[in-house]
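Visitor: Numbering (the working numbering), first residue to last: 54 to 281. Every residue gets a Cβ at the ideal spot worked out from N, C-alpha and C, and that includes glycine.
So, in structure tokens, the structure goes:
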């Protein structure tokens with residue numbers, strides 16, 4: 054007589070239960086991990102947005118009261134005067150300073166091509182070439198360097214340009230910023246004779262500086278180079 058023996062392990066239900074518990078534990082862990090990652094991404098996005106807003110606000114604060122670079126409309130001398138903006142003196146021994154330079158062809162009768170030909174002790178120096186039609190003006194921001202390691206401490210800073218006019222005339226101009234006259238001063242050197250298509254006048258912080266030094270140590274010195 055043969056007795057049938059059940060070969061099914063008695064602990065199989067227990068193993069199934071353990072596998073089920075393990076599965077749900079892994080699933081719960083993954084769910085919690087995904088939730089934590091989403092929270093981290095959300096926090097990072099909020100932080101980036103806040104940082105971006107702060108950066109934009111800082112830029113707007115720095116640029117408040119200053120005209121943007123590029124082509125600008127010609128305004129009347131009264132409304133375009135820089136004398137209405139109280140100057141702020143730069144602290145001594147600063148490593149750099151920003152200068153606003155405006156090429157003014159509002160009274161000009163020819164189209165100008167202004168090409169940069171050189172620079173010295175400058176971090177920023179404007180575009181390489183500018184095309185300026187009559188009744189237009191163009192403003193650039195230039196930042197000089199007074200860095201000792203670059204050999205620029207108390208040294209002259211300069212940017213030079215060649216000026217080609219549609220009437221065929223060619224001349225040269227240069228902006229020079231120097232400590233040698235005493236206080237930091239600027240000058241616009243010009244090889245032109247004031248003929249149409251050439252530099253006719255220049256002011257630095259509202260003072261004549263065409264081939265002459267003018268004190269220019271405000272927070273952001275403004276230079277206007279006007280063409281005939």
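Roughly how many angstroms separate the alpha carbons of residue 243 and residue 200, rounded to a whole number?
Guide: Each residue's alpha carbon lies about 28 angstroms from the other.
Visitor: Taking just the CA atoms, how far does residue 74 sit from residue 89?
Guide: Spanning the two alpha carbons is a distance of roughly 22 angstroms.
Visitor: Is residue 54 buried or exposed, if buried means 16 or more other CB atoms sit within 10 Å of its CB?
Guide: Model confidence at residue 54 stands at a pLDDT of 49, short of 50, so the residue's coordinates are unreliable; what they give is reported in the following sentence. Under this definition residue 54 is an exposed residue.
Visitor: Terminal residues of the continuous beta strand (DSSP E) containing residue 157?
Guide: Here the beta strand (DSSP E) through residue 157 covers 149 to 157.
Visitor: Check this for me: beta carbons of residue 267 and residue 257, under 8 angstroms apart or not?
Guide: The answer is yes: Cβ separation under 8 angstroms.
Visitor: Should residue 103 go down as buried or exposed, given a rule of 16 or more other Cβ atoms within 10 Å for buried?
Guide: Confidence at residue 103 is low in this model, with a pLDDT of 41, below 50, so the placement of that residue is unreliable and no value is reported for it.
Visitor: Quick check on this structure: which residue in 179, 264, 270 has the alpha carbon closest to the alpha carbon of residue 235?
Guide: Among 179, 264, 270, the Cα nearest to that of residue 235 belongs to 270.
Visitor: Going by DSSP, what residue range makes up the beta strand (DSSP E) through residue 217?
Guide: Element bounds for residue 217: 210 to 218.
Visitor: Note down the Cα distance separating residue 175 from residue 278, rounded to an integer number of angstroms.
Guide: When rounded, the distance between both Cα atoms is 19 angstroms.
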